[in-house]
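Down below is the structure, laid out as structure tokens.
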Amino acid sequence: MTEKDFIPSNYLKDIVSKRFSWSSPSNIALIKYWGKKKNQIPANPSISFTLDVCKTTTELEVCNKTTDEDFSFEIFLDNKIQNDFRSKIETFFYRVETFLPFLRHYHFVIRTENTFPHSSGIASSASGMSALALCLMGIEKELNPNMSNILFKQKASFLSRLGSGSACRSIEGDLVVWGKHEDYPESSNLFGVKYPFEVHDNFKNYHDTILLVDKGEKQVSSSVGHELMHDHPFAETRFQQANTNLSKLIIILKQGLLDDFITLVESEALTLHAMMMTSTPYFILMKSNTLKIINKIWDFRKATGLHVCFTLDAGANVHVLFPDHEAPQIYDFIRNELVVYCQNGHYICDRVGFGAKANQV
Ligand code: DP6
155 MTEKDFIPSN YLKDIVSKRF SWSSPSNIAL IKYWGKKKNQ IPANPSISFT
205 LDVCKTTTEL EVCNKTTDED FSFEIFLDNK IQNDFRSKIE TFFYRVETFL
255 PFLRHYHFVI RTENTFPHSS GIASSASGMS ALALCLMGIE KELNPNMSNI
305 LFKQKASFLS RLGSGSACRS IEGDLVVWGK HEDYPESSNL FGVKYPFEVH
355 DNFKNYHDTI LLVDKGEKQV SSSVGHELMH DHPFAETRFQ QANTNLSKLI
405 IILKQGLLDD FITLVESEAL TLHAMMMTST PYFILMKSNT LKIINKIWDF
455 RKATGLHVCF TLDAGANVHV LFPDHEAPQI YDFIRNELVV YCQNGHYICD
505 RVGFGAKANQ V
């Protein structure tokens, strides 16, 4: 597939249904996307677990357009007008208009809500952008009913990527690869694909408990962080490492190698933050409680032999990952020893999920 394959030919009909609604989950990267080229092309391939509980539900209403603005829309978060999102959505519309020529012809009312608090420090861009892209694909499908399901999902992921890179990994589950890699035959820089190989039962129904260490606004956004990889002294080595890790993961997932999984995933998380600490300018997104939690996890793992590990996204919150068959003991550990480090004791028990779902409207 090339970008051109996502430009629609003439539409066959007009819009009949006027409202579209999708719920789309967040995802947590095991091998991280950090660094990108022009047009949201990743500097290295990445892979993530799709989540289940943390998600965004978006309803898109298509109305007649009455202004000459390029793009005419209103956006509501939890039923309140949310003008902070306007510029991000406008940028998104400019990026995708070639692929969705109807965008300039209508006025859109976007109503969105998250299952997690907006101020939780959990990035809503993956779930939010993918939910919006899917609603737009609802319109596209209405205009072009012959579109196959495969193309629908690929294009939804392609559009999501243009909103926020990691969002392209939220359309499907339970594991999604994004970025060209020679060991993954169908992989693409343009959209996410379902993990194509065998996965051992150890990795089915994996848990991710998100410890909300710091709910404040990040000092440095992901966009700035990606940008800083351009002149980064370790960039090439890092991109190579991500490629190598994707090759290693195939055997780990197939054979159920939990110890190797832990080593790879924790190394990825710390490398991501090491890239931040060695950028020019440098920055640190971890907080002291992030480090306390990491050390507690290491102590507990050593003492019990249980397969709990952590990963981090671009923030201070800690994702605690563990297999289903060890969940009861690990939940006890989280409640008894880790929740104390969370802001206001807040945490979210999530697990691996299977992608976005359309809602009845
Ligand atoms: C650290 O997808 O938020 O979570 O493409 O600029 O929107 P943009 O960046 P974004 O970056 C996510 C980075 C990460 C790692 C990952 O999810 O792979």
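First residue of the sequence shown: 155, per the working numbering; consecutive thereafter.
In this text, a Cβ means the ideal position worked out from N, Cα and C, and glycines have one as well.
The model shown is predicted, which means the values in this text are computed figures rather than measured ones.
Could you name the residues that DSSP lists as bridge partners for residue 326? 509
Mind reading off the beta-carbon distance from residue 429 to residue 188? Whole number of angstroms is fine, and I expect it under 8 Å. 6 Å
Roughly how far, in whole angstroms, is the beta-carbon of residue 320 from the beta-carbon of residue 183, given that I think they are within contact range, below 8 Å? Confirmed, about 7 Å.
Taking 8 Å as the threshold (C-beta atoms), are residue 332 and residue 110 in contact? Shown here, the chain extends from 155 to 515; a query on residue 110 therefore has no answer.
Inter-residue Cα distance where the pair is residue 215 and residue 515: 10 Å
Evaluate residue 496 with the Cβ neighbour count: other Cβ atoms within 10 Å of its Cβ, from every protein chain shown; 16 or more gives buried, anything less gives exposed. buried
Beta-carbon contacts of residue 170 that lie in its chain and below 8 Å, excluding the five residues immediately before and after: Here residue 170 has 296 as same chain residues with Cβ atoms under 8 Å from its own Cβ, once five neighbours each way along the sequence are excluded.
In the structure shown, what three-state DSSP assignment does residue 218 receive? strand
Please state if the CB of residue 226 and the CB of residue 284 are separated by a distance shorter than 8 Å. no
Note the first and the last residue of the continuous beta strand (DSSP E) segment covering residue 174. Here the beta strand (DSSP E) through residue 174 covers 173-185.
Can you list, in chain order, the residues of its chain with a C-beta nearer than 6 Å to that of residue 469? Leave out the 5 residues immediately preceding and following it. Around residue 469: 275, 372 and 439.
Can you check which of these residues, 229, 317, 288 and 401, is closest to residue 350 by C-alpha distance? 401
heavy atom of the ligand DP6 below 7 Å from residue 187 C-beta: yes
The ligand DP6 and residue 319: does the residue's C-beta get closer than 7 Å to at least one heavy atom of that ligand? yes
To the nearest angstrom, report how far apart residue 302 and residue 369 are at their CA atoms. 41 Å
How many Å lie between residue 338 and residue 176 at the Cα? 29 Å
When the Cα of residue 314 is compared with those of 300, 288 and 486, which residue comes out closest? 288
Return yes when the C-beta of residue 194 is under 7 Å from any heavy atom of the ligand DP6, and no when it is not. yes
Take residue 502 as the anchor and find which of 509, 511, 489 and 239 has the nearest alpha-carbon. The option with the nearest alpha carbon to residue 502 is 489.
If contact is defined by three or more beta carbon pairs under 8 Å, each pair taking one atom from either stretch, is the region 458-467 in contact with the region 479-487? yes
Grab me the residues of residue 382's own chain with a C-beta within less than 6 Å of its C-beta, minus the 5 sequence neighbours each way, in chain order. 433
DSSP-derived helix/strand/coil call for residue 270: coil
CA nearest to the CA of residue 202, picked from 397, 328, 479 and 445: Of all alpha-carbon atoms in 397, 328, 479 and 445, the one lying nearest the alpha-carbon of residue 202 is that of 328.
Assigned secondary structure, residue 316 (DSSP; H/G/I helix, E/B strand, else coil): helix
Hey, would you say residue 254 sits closer than 8 Å to residue 286, going by beta carbons? Going by C-beta atoms, residue 254 is not nearer than 8 Å to residue 286.
Is residue 336 helix, strand or coil when you go by DSSP? coil
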